[in-house]
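Here's the structure we're looking at; comments come further down.
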Amino acid sequence: MYYADGSALRLSVVGSDYPFLPGEDPGPAEHAEAWRAWLSEHAGEVAVTEMGLSAAKSAAIPLGWEARDSVRLLGDRLTVLRIPDQAFPVAAMVGGVVPSVDAVHLGVAVADPEIDTIVTYEKQTAQLARMYGLAVLAPGLPDHWWA
């Protein structure tokens with residue numbers, strides 16, 4: 005099973021035409037189409053948390069109600085996990101390396117025995133995921149892009 009973090013889920017609504025704030029890194033927005041195509045094929049195998057969906061909901065705000073509604077519909081298509089207590093020891097270990105939200109995403113992926121791959125566009129999260137034995141996927145980016 006795949007676990008998609010907020011950096012991936014944001015691409016469900018963010019694209020190259022997104023109204024980024026001055027100084028905001030558009031980063032993976034160029035891979036939004038690849039993410040959406042991949043997700044349309046694998047939605048039944050993807051787990052997320054409400055925290056990850058919140059990242060997509062926040063990204064949808066400047067795009068209007070249709071974008072916000074698309075995130076709600078996205079949540080209906082994916083497996084929404086609760087954040088288990090077992091995620092927090094991992095999050096605490098990596099919290100000094102990545103932002104706390106990313107640390108919790110990684111903790112969720114590591115704690116669930118059914119998850120073997122994390123889908124992320126965050127380089128440090130990807131590197132840490134490999135240290136914890138997870139495969140890393142970022143549709144639109146080459147294998148080992150995080151190395």
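Mapping of the sequence shown onto this note's numbering: position 52 corresponds to residue 56, and the numbering continues sequentially without gaps.
Yeah, the Cβ is synthetic: ideal placement off N, Cα and C, and Gly gets one too.
So residue i and residue j are in contact, right, with Cβ under 8 angstroms, and what is the actual spacing, rounded?
| i | j | result |
| --- | --- | --- |
| H35 | Y6 | So it is not a contact: roughly 16 angstroms between Cβ atoms. |
| K61 | V75 | 5 angstroms |
| A95 | G79 | Not quite, the Cβ-Cβ distance comes to about 22 angstroms (not below 8 angstroms), so this is no contact. |
| A71 | V105 | In fact, because the Cβ distance is near 21 angstroms, the residues do not count as touching under 8 angstroms. |
| A41 | I119 | That pair is no contact at about 22 angstroms. |
| A158 | Y22 | The requested residue 158 is not part of the displayed model; the chain covers only 5 to 151. |
Can you tell me whether residue i is buried or exposed? The criterion is at least 16 other CB atoms within 10 Å of its CB, across all chains shown.
| i | result |
| --- | --- |
| W39 | buried |
| R14 | buried |
Under 8 angstroms, do residue i and residue j count as touching if we go by C-beta distance?
| i | j | result |
| --- | --- | --- |
| V123 | L141 | yes |
| A91 | V102 | no |
To the nearest angstrom, how far is the alpha carbon of residue i from that of residue j?
| i | j | result |
| --- | --- | --- |
| A113 | G100 | 18 angstroms |
| V98 | H148 | 20 angstroms |
| Q131 | P146 | 14 angstroms |
| M55 | A8 | 11 angstroms |
| P93 | A115 | 9 angstroms |
| F24 | D89 | 34 angstroms |
Put residue i into one of helix, strand or coil per three-state DSSP.
| i | result |
| --- | --- |
| T121 | strand |
| V50 | strand |
| V114 | helix |
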